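Asks: Have a look at this one before I ask anything.
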Amino acid sequence: MNRIQAKLNEDKKLLSIYFSAGYPALNDTVEIIKKLENSGVDMIEIGLPFSDPLADGPTIQESSTQALKNGMHTELIFEQLKDIRKSVSIPLILMGYFNPMLQYGVEAFCRKCKEIGIDGFIIPDLPADVYHEQYKVIFEKYELLNIFLITPQTSDERIRYIDSISEGFIYMVSSASTTGAQSGFGDVQQNYFKRISDLNLKNPQIVGFGISNKETFLQATTYAKGAIIGSAFIKHLTHRGVEHIDEFIDDILK
Amino acid sequence: MSYHVNKKGYYGQFGGAFIPEMLYPNIEELQQKYLSIMAEPEFKAEFEQLLKDYVGRPTPLYFAKRFSKKYNTKIYFKREDLCHTGAHKVNNTIGQILMAKRLGKTRIIAETGAGQHGVATATVCALAGLECIVYMGEIDIARQAPNVARMKMLGAEVRPATSGSRTLKDATNEAIRDWINNPEDTHYIIGSAVGPHPYPDMVSRFQSVVSEEIKWQLNAAEGTENPDYVVACVGGGSNAAGAYYHFLDDERVGLIAVEAAGKGVETGESAATSILGKEGIIHGSKTLLMQTKDGQITEPYSISAGLDYPGVGPMHAHLYTSKRAEFIPVTDDEAMTAGLMLSQLEGIIPAIETAHAFAIFENKTFKPNDIIVVCLSGRGDKDLNTYIDYFKL
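Structure, rendered in structure tokens:
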């Protein structure tokens with residue numbers, strides 16, 4: 004069983020954290036991952052920086068741009084992560100845009116990820132149908148789960164299609180927006196979370212976009228299996244550095 | 076072989092819709108409805124009427140006697156510079172604003188580089204009484220001040236794109252992000268034959284009026300519908316798509332695409348996407364684009380703000396790799412010289428984008444009996460400051 008699937012079987016609400024590899028400093032990647040695991044995080048999304056991150060708000064854009072300025076590139080991420088499984092056991096997901104993966108070569112990229120011990124991908128601009136027709140076979144060969152997004156605008160019919168081709172979890176985008184913190188979740192979001200929960204999908208849902216603190220984490224996980232925090236964590240890294248990661252996580256989990 | 080889009084939204088291996096799920100409902104709605112809406116008799120009648128009474132179509136096909144004599148061949152200019160707002164861009168924005176209304180959208184967003192598409196969008200939004208927000212790179216706002224003022228006067232809000240390289244590519248990113256944040260009431264009017272399917276095809280169809288007119292106009296002038304060559308400048312590729320459209324599958328008609336070489340193809344300051352680009356994904360489309368080995372999109376350079384886009388439309392990428400069209404790079408200096416020459420030989424000041432297309436005659440020889448149509452895509456009023464600086468006028 005894939006590490007993601009095993010984690011989803013645990014009887015608890017899951018906290019997943021996103022950060023951009025190579026930010027704040029080029030070589031912080033491994034230290035951030037270790038500190039997150041030690042702080043009690045359940046799953047990590049490692050962002051592959053991209054020059055044109057269409058689905059991201061200002062915070063992740065800036066961290067991505069800075070990571071590239073720091074000198075981050077695909078081969079270097081693999082180099083930094085090559086021994087990660089000697090010390091880290093929680094699921095690791097790579098989240099990035101499709102073009103850098105395409106340039107590396109999709110199969111070579113997958114092979115490398117398998118060697119390192121990556122468990123899955125989130126690729127916002129790789130549509131479900133293109134994945135299904137062209138890349139599913141390759142991802143499965145290397146036992147990598149591909150995680151799809153749904154939004155409040157996604158039709159029930161499409162959600163069921165996405166559920167049918169997913170193994171792992173469904174990434175439920177909290178509202179029509181790019182990434183970044185919101186002031187909280189109102190009735191509209193709660194109704195949406197409940198509507199999806201009531202569809203009784205085979206894959207559990209994890210909520211992302213707009214979760215920044217304990218309150219929004221609890222709201223998001225009332226109906227969903229877990230939640231993902233990205234921009235708020237990056238802001239914490241920007242202001243407090245990698246030293247105080249445990250404080251950020253404690254504020255959410257304790 | 077067809078050079079038109081196939082049912083799945085591809086031109087050869089290029090095209091498709093590589094979009095985040097957040098945009099899926101909007102793109103899917105467009106994909107399913109654009110052809111049937113465009114085929115509605117009332118839509119067609121309204122589109123044609125506006126092109127005639129508002130844009131001023133048909134634009135003339137002008138036989139350029141002095142220019143032809145200079146290069147010892149027969150050269151016609153398709154005068155898109157005479158369209159309302161000064162360029163071909165308005166053909167597409169008229170079509171898309173009517174499309175937006177059919178789709179029940181009340182808010183319009185657009186990206187712009189040189190400002191021509193922004194002005195054309197602001198214009199049709201004023202005409203339709205719809206809210207208009209134009210994203211424009213901070214750097215382009217500074218270098219295209221007259222067009223920024225025009226958009227504001229037309230009632231549009233111009234929002235600076237301050238991320239990345241702060242030019243057209245980033246303005247497009249910001250427009251896409253706006254659409255993600257406003258999926259229900261907003262239509263995104265893309266200005267070129269780029270972006271996810273169906274945009275390249277939809278924009279090409281709205282621009283195809285250019286080649287439709289060339290056919291009957293040339294028949295009246297020369298007794299043949301088909302020129303030997305059609306020449307157009309290519310940034311994203313919308314004026315070329317329109318000028319080529321009805322000739323795409325007729326290989327007797329040669330297609331020439333002129334790209335901005337900037338300071339020279341090999342100088343590192345160029346926008347010659349076909350030569351310098353590699354297959355990849357930009358703004359939702361698989362096409363040729365300028366990028367690092369690592370797949371990061373790079374910033375092109377051209378003296379013309381309308382041609383410095385790091386990608387090219389998927390139709391054009393296919394025309395390039397299939398060799399259906401010949402791609403010719405033209406430098407800043409060659410384009411500026413051609414712009415001045417055209418002004419003094421024919422009394423027409425072209426946009427700098429357009430001037431690139433006229434520069435090829437210096438190095439490429441045609442037969443005396445060849446009939447060549449050059450798409451004179453826009454006028455040069457917006458570029459006067461650049462011309463003044465360059466020639467110390």
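The listed protein sequences correspond, in order, to chains P and B.
In terms of our numbering, the first sequence opens at residue 4 and continues consecutively.
In terms of our numbering, the second sequence opens at residue 76 and continues consecutively.
Positions of the beta carbon are idealized from the N, C-alpha and C atoms, including for glycine.
Here the structure is a predicted model, which is why all the values come from computation and not from measurement.
#1: Between the Cα of residue 321(B) and those of 344(B), 152(B), 291(B), 345(B), spot the shortest distance and give me the residue it belongs to.
#2: CA-CA distance, residue 18(P) and residue 110(P)?
#3: Excluding five sequence neighbours on each side, which residues of the same chain lie with their C-beta closer than 6 Å to the C-beta of residue 242(B)?
#4: Is residue 266(P) helix, strand or coil when you go by DSSP?
#5: Less than 7 Å between C-beta atoms, sequence neighbours within five positions excluded: which residues of the same chain meet that for residue 197(P)?
#6: Where DSSP assigns a beta bridge to residue 365(B), which residues make up the other side?
#7: Report the partner residues of residue 21(P) according to the DSSP bridge assignment.
#8: Mind checking whether residue 228(P) and residue 16(P) have CB atoms under 8 Å apart?
#9: Please report the straight-line C-alpha distance between residue 33(P) and residue 83(P), rounded to a whole angstrom.
#10: Sort 173(B), 400(B), 108(B) by Cα distance to residue 120(B) and report the nearest one.
#11: Apply the 10 Å Cβ neighbour rule to residue 434(B) and answer buried if 16 or more other Cβ atoms are within range, or exposed otherwise.
#12: Taking just the CA atoms, how far does residue 442(B) sit from residue 303(B)?
#13: Do residue 120(P) and residue 163(P) come within 8 Å of each other at the CB atom, strictly closer than that value?
#14: Could you give the C-beta distance for residue 455(B) and residue 426(B), rounded to a whole number, given that I count them as a contact under 8 Å?
#15: Does the structure place the segment 205-212 of chain P close enough to the segment 152-172 of chain P that three or more beta carbon pairs sit under 8 Å?
#16: Between residue 81(B) and chain P, is there a C-beta pair that is closer than 8 Å?
#17: Is residue 233(B) buried or exposed, if buried means 16 or more other CB atoms sit within 10 Å of its CB?
#18: According to the neighbour-count rule (16 or more other Cβ atoms, all chains shown, within 10 Å of its Cβ), is residue 106(P) buried or exposed?
#19: From what residue to what residue does the beta strand (DSSP E) around residue 54(B) run?
#20: What are the residues of the segment 353-371 of chain B that lie near chain P, defined by any Cβ-Cβ distance shorter than 9 Å?
#21: At a Cβ threshold of 8 Å, is residue 258(B) touching chain P?
#22: Can you tell me the Cα-Cα spacing of residue 407(B) and residue 400(B), whole angstroms?
#23: Report the CB separation of residue 201(B) from residue 209(B) in whole angstroms; it is logged as a contact under 8 Å.
#24: Do residue 146(B) and residue 136(B) come within 8 Å of each other at the CB atom, strictly closer than that value?
#25: Ordered along the chain, which non-local residues of its own chain (more than five positions away) have a Cβ less than 7 Å from that of residue 257(B)?
#26: Going by the CB atoms, is the gap between residue 273(B) and residue 105(B) shorter than 8 Å?
#27: Does at least one heavy atom of the ligand COA sit under 7 Å from the Cβ of residue 336(B)?
#28: Does the segment 37-47 of chain P come into contact with the segment 126-140 of chain P, if we say contact requires no fewer than three beta-carbon pairs (one atom in each stretch) closer than 8 Å?
#29: What are the start and end residues of the alpha helix (DSSP H) that includes residue 30(P)?
#30: Specify the secondary structure class of residue 83(P) as computed by DSSP and reduced to three states.
#31: Does any C-beta atom of chain P lie closer than 8 Å to the C-beta of residue 38(B)?
#32: Would you report the Cα separation of residue 333(B) and residue 372(B), rounded to the nearest angstrom?
#33: Is residue 102(P) close to chain B, meaning its C-beta is less than 8 Å from at least one C-beta of that chain?
#34: Show which residues of chain B have a CB atom less than 9 Å away from the CB atom of residue 207(P).
#35: Less than 8 Å between CB atoms is the rule here; does residue 100(B) satisfy it with respect to chain P?
#36: Closest to residue 53(P) by C-alpha separation, out of 376(B), 369(B), 411(B), would be which residue?
Replies: Here's the rundown:
#1: Ranking the options by Cα distance to residue 321(B), first place goes to 291(B).
#2: Approximately 30 Å between the Cα atoms of the pair.
#3: Shown here for residue 242(B): same chain residues with a beta carbon closer than 6 Å to its own, the five before and five after excluded, namely 212, 214, 215 in chain order.
#4: A question about residue 266(P) goes unanswered here, because the residues of chain P that appear run from 4 up to 257.
#5: If we look at residue 197(P) and ignore the five residues flanking it on each side, its Cβ neighbours are 226.
#6: When DSSP reads this structure, residue 365(B) sits in no beta bridge, so it has no partner.
#7: Looking at the DSSP output, residue 21(P) bridges to 48(P).
#8: A contact, by the Cβ cut-off of 8 Å.
#9: Going from the Cα of residue 33(P) to the Cα of residue 83(P) covers about 7 Å.
#10: Per the Cα distances, 173(B).
#11: Buried, by the Cβ-count rule.
#12: Looking at the two C-alpha atoms, the distance is approximately 10 Å.
#13: Contact check for residue 163(P) against residue 120(P) fails: the beta carbons are separated by 8 Å or more.
#14: Yes, residue 455(B) and residue 426(B) are in contact; Cβ-Cβ is about 5 Å, under 8 Å.
#15: Cβ pair count under 8 Å is three or more, so yes.
#16: Among the residues facing chain P, residue 81(B) is not included, as its CB has no counterpart in that chain under 8 Å away.
#17: Answer is buried; the Cβ neighbour count reaches 16.
#18: Counting Cβ neighbours within 10 Å, residue 106(P) comes out buried, since at least 16 surround it.
#19: Past the boundaries of the shown model lies residue 54(B); chain B is included only from 76 to 468, so the question cannot be answered.
#20: Contacts with chain P (Cβ-Cβ distance below 9 Å) from the segment 353-371 of chain B involve 353, 354, 355, 356, 357, 358, 359, 361, 364, 366, 367, 368, 369, 370, 371, listed in chain order.
#21: Answer yes: the Cβ-Cβ gap between residue 258(B) and chain P drops below 8 Å somewhere.
#22: Rounded to the nearest whole angstrom, the C-alpha separation of residue 407(B) and residue 400(B) is 22 Å.
#23: That pair is no contact at about 12 Å.
#24: No, Cβ-Cβ distance for residue 136(B) and residue 146(B) is not below 8 Å.
#25: These residues qualify, in order along the chain: 182.
#26: Contact flag set, yes.
#27: This structure simply doesn't include the ligand COA, nor any ligand for that matter.
#28: In short, these stretches do not touch, since the Cβ pair count stays below three.
#29: Per DSSP, residue 30(P) belongs to no alpha helix (DSSP H) and is neither H nor E.
#30: Residue 83(P) carries a helical assignment under DSSP once its states are collapsed to helix, strand and coil.
#31: Nothing can be reported for residue 38(B): it is not among the residues displayed for chain B, which extend from 76 to 468.
#32: C-alpha separation (whole angstroms): 22 Å.
#33: Yes, contact with chain B.
#34: Here the premise fails: no neighbours, minimum Cβ distance about 18 Å.
#35: Nearest CB-CB separation between residue 100(B) and chain P: below the 8 Å threshold.
#36: From the listed residues 376(B), 369(B), 411(B), the smallest Cα separation to residue 53(P) is found for 369(B).
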